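Colleague: Okay, here's the structure, questions in a sec.
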Amino acid sequence: MGRRDNNIISRRFPISVLTGFLGSGKTTVLNYLTQQPSLKRALLLINEFGEIGIDSDLVTRVSDDVVIEMSSGCICCSIRSDITDTLTKALRRFSKEDHFLFDRVIIETTGLADPAPIIQTLMAEPKISSHFYLQGVVATVDAVNGGGTLDKQIEAVKQVAVADQVLVTKTDLADKITLERLQNRVRLLNPAAPQVLAKNGVVDPAALLHDSFYDPNSKSIDLQNWLKAESYSNDHNKKQGHHHHHDDDDINRHHAQIKPFCLTIDEPILNGALDIWLRTLLMFRGADLLRIKGIVNVVGENGPIIIHAVQHILHPKATLEQWPSEDHRSRIVFITRNIDPSELIDSLKSLTIQNT
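For the sequence shown, the positions run 93 to 448 when the numbering used here is used.
Here is the structure:
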C-alpha cells in the first residue's frame with residue numbers, strides 16, 4: 093500500500109447530516125455554508141438536487157433510497173449500502189497524492205426522508221466508522237410554513253425529533269407570534285435541541301456544525317448541555333403541553349404521538365441489567381424509540397456511562413473518567429412515539445430489582 097493509503101487508514105472525518113422537509117430551505121442554507129471559508133473543503137453528499145444548484149466542486153450524489161417497512165416496524169433500506177459505497181469511494185476520488193481534498197462531510201437528505209436509517213448507518217457501519225464519525229444532525233424548519241408541515245407530515249416531526257440542533261429558516265418572513273409558536277412546538281418535540289435562527293439562509297457554521305456525543309473520543313463536549321435533562325422535567329412538559337392543548341386541531345397533529353421525557357434513577361445500576369434493558373427495549377420497541385440519550389451511574393464505575401441510540405441502533409457506550417457534577421443520579425432522556433413513559437419506568441425497575 094502507498095503513502096496515500098496509509099493516510100486514508102489513519103484519518104477520520106466528521107460527518108454532519110442536514111435534514112428537513114421539502115421547502116424548508118436546506119439547499120439555500122447548504123449553499124451559503126459551503127461558501128464560507130471554514131467549509132470550503134466540505135464534501136457534500138446530496139440525496140436530491142433542488143431548484144437551487146449547489147455551488148461547490150466537492151459534490152457527489154447518493155442514489156435514490158428505496159425504503160421498505162417490515163411488518164415488525166423496522167426500516168430497511170438501500171441507503172445503508174449507498175452511503176457506505178459513496179463514502180468509501182470518496183476517500184479515493186477526492187484525494188490527491190498524499191492529501192485529501194476535503195476535511196469534513198455534509199449529507200443533505202431528501203425532504204421526504206426519515207433520517208433515522210442514515211443516522212443508524214453512520215453509527216453502526218464498520219466500514220464508515222474506521223474513516224468517519226457522525227458529528228451531529230441538523231434539522232431545518234420553515235418559520236412561515238413549518239407549523240402546517242408539522243401538522244400534516246410525520247416525516248417532518250421525526251426529522252425534528254432526532255435532531256441535535258434545529259435551524260429555523262426564513263425568520264425574516266415570519267411575524268413574531270408565528271415564530272414563537274413554531275419555536276414552542278419544536279421545544280415540545282425535542283426540548284434539548286438548541287434552536288438557531290437563520291435569515292435568507294445565512295447562519296454561522298460554528299453555531300451548527302460541532303460535535304455531539306456520537307464521537308466518544310471528543311473532548312469538547314459539554315455533557316450537561318448535551319443532555320439537558322432539566323428540559324424534560326414533568327413540570328416543563330405539563331406547562332408547555334397545557335398551553336398547546338388549547339389549539340382546536342391538536343388531536344389531529346402527528347406530534348401528539350411524540351413524547352419527550354426523562355427518567356431519573358437514584359441508585360447505581362448493574363451493568364448487566366442496563367445492557368439487558370437496552371437490548372430488550374430496542375428489540376421490541378426500537379421503531380418507536382426515536383432518540384435515547386443518557387448518563388448512567390453503573391456499579392463499579394468512577395464516572396458515568398454514556399448511552400445514545402436512534403431507534404433500534406445503539407451507539408457504542410462510552411465511559412467518562414469522572415462525573416461532570418456532584419449529581420451522580422442516572423438520567424436518561426427519551427423521545428418516543430406512542431410509548432407510555434410508565435412502561436419504560438416499570439421495565440427498568442423490574443430489571444434493577446431482579447439484579448439487586
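Using N, Cα and C, we set each Cβ at its ideal position, and we do this for glycine too. For clarity, every value in this text was computed on a predicted model and none was experimentally measured.
In this structure, how does DSSP classify Arg-371 when only helix, strand and coil are distinguished?
Modeller: Three-state result, Arg-371: helix.
Colleague: With distances taken from CA atoms, which of Tyr-124, Leu-204 and Ala-284 is nearest Ile-246?
Modeller: Looking at the Cα atoms, Leu-204 is the closest of the given residues.
Colleague: Kindly indicate which three-state DSSP category Gly-238 falls into: helix, strand or coil?
Modeller: Correct three-state label for Gly-238: helix.
Colleague: Report yes if the CB atom of Val-121 is closer than 8 Å to the CB atom of Leu-259, and no otherwise.
Modeller: In contact: Val-121 and Leu-259 (Cβ atoms closer than 8 Å).
Colleague: Output the boundary residues of the beta strand (DSSP E) element that contains Ile-431.
Modeller: Element bounds for Ile-431: n/a, residue is neither H nor E.
Colleague: Under DSSP, the alpha helix (DSSP H) around Pro-297 begins and ends at which residues?
Modeller: Unbroken alpha helix (DSSP H) run through Pro-297: 297–300.
Colleague: Around the Cβ of Pro-207, are there at least 16 other Cβ atoms within 10 angstroms (buried) or fewer (exposed)?
Modeller: Burial call: buried.
Colleague: From the beta carbon of Gln-316, is the nearest beta carbon of chain B less than 8 Å away?
Modeller: No chain B is part of this structure, which consists of one protein chain only.
Colleague: For the beta strand (DSSP E) that Glu-272 lies in, which residues bound it at each end?
Modeller: Premise fails: Glu-272 lies in the alpha helix (DSSP H), 268–281, not in any beta strand (DSSP E).
Colleague: Whose C-beta lies closer than 7 Å to the C-beta of Glu-393 among residues of the same chain, with five residues either side of it excluded?
Modeller: Hits under 7 Å: Thr-411.
Colleague: Which of the three DSSP states is assigned to Leu-136 in this structure?
Modeller: Three-state DSSP puts Leu-136 in a strand.
Colleague: Smallest Cα separation from Pro-286: which of Thr-180, Ile-199, Asp-256 and Asp-380?
Modeller: Considering only alpha carbons, the answer is Asp-256.
Colleague: Three or more beta-carbon pairs under 8 Å between the region 411–425 and the region 383–403, yes or no?
Modeller: The region 411–425 vs the region 383–403: in contact.
Colleague: Residues in its own chain within less than 6 Å of Leu-281 by CB, not counting five upstream and five downstream?
Modeller: Contacts found: Val-252, Ala-253, His-347 and Ile-350.
Colleague: Buried or exposed: which applies to Ile-398, given that a residue is buried once 16 or more other Cβ atoms fall within 10 Å of its Cβ?
Modeller: Classification for Ile-398: buried.
Colleague: Would you report the Cα separation of Ala-379 and Lys-244, rounded to the nearest angstrom?
Modeller: Approximately 20 Å, taken between the alpha carbons.
Colleague: What three-state label does DSSP hand Arg-185 in the structure shown?
Modeller: Three-state DSSP puts Arg-185 in a helix.
Colleague: At what residues does the beta strand (DSSP E) containing Glu-200 begin and finish?
Modeller: Its beta strand (DSSP E) spans residues 196–200.
Colleague: Three-state secondary structure (DSSP) at Pro-106?
Modeller: Here Pro-106 sits in strand by DSSP.
Colleague: Which residues bound the beta strand (DSSP E) around Gln-287?
Modeller: Run containing Gln-287: 287–289, per the beta strand (DSSP E) assignment.
Colleague: Round the Cβ separation of Met-215 and Ile-405 to the nearest angstrom and send it over; I've been treating them as touching at under 8 Å.
Modeller: That pair is a contact at about 5 Å.
Colleague: Can you have a look at Ile-199 and say buried or exposed, based on whether 16 or more other CB atoms are within 10 angstroms of its CB?
Modeller: When all chains shown are included, Ile-199 counts as buried.
Colleague: Using DSSP bridges, identify the partner residues of His-191.
Modeller: Its beta-bridge partners are Lys-188.
Colleague: Please classify Ser-108 as buried or exposed, where buried requires at least 16 neighbouring CB atoms within 10 angstroms.
Modeller: By the neighbour-count rule (16 or more Cβ atoms within 10 Å), Ser-108 is buried.
Colleague: Give the secondary structure of Ala-284 by DSSP, where H, G and I count as helix, E and B as strand, and everything else as coil.
Modeller: In this structure, Ala-284 counts as coil in the three-state DSSP scheme.
Colleague: Just checking my contact of Lys-385 with Leu-319 at CB under 8 Å: how many whole Å lie between their CB atoms?
Modeller: The Cβ separation is near 6 Å, so the contact holds.
Colleague: Residue range of the beta strand (DSSP E) that Leu-122 falls in?
Modeller: Segment 118–125 is the alpha helix (DSSP H) holding Leu-122; no beta strand (DSSP E) there.
Colleague: According to DSSP, Gly-378 sits in a beta bridge with which residue or residues?
Modeller: Answer is none; Gly-378 lacks a bridge partner.
Colleague: I need the DSSP call for Gln-316, collapsed to helix, strand or coil.
Modeller: Three-state result, Gln-316: helix.
Colleague: Would you kindly work out how many angstroms separate the C-alpha atoms of Ala-401 and Thr-232, rounded to a whole number?
Modeller: When rounded, the distance between both Cα atoms is 21 Å.
Colleague: Assuming contact is defined by CB atoms lying nearer than 8 Å, are Leu-49 and Val-236 in contact in what I supplied?
Modeller: Nothing about residue 49 can be read from this structure; the chain reaches only from 93 to 448.
Colleague: Check for me: the beta strand (DSSP E) holding Pro-352 runs from which residue to which?
Modeller: That run of the beta strand (DSSP E) goes 350–357.
Colleague: Taking only runs that begin and end inside the region 202–251, name each unbroken beta strand (DSSP E) of 3 or more residues, in chain order.
Modeller: Those beta strand (DSSP E) runs which fall completely within the region 202–251 and span 3+ residues are 224–234.
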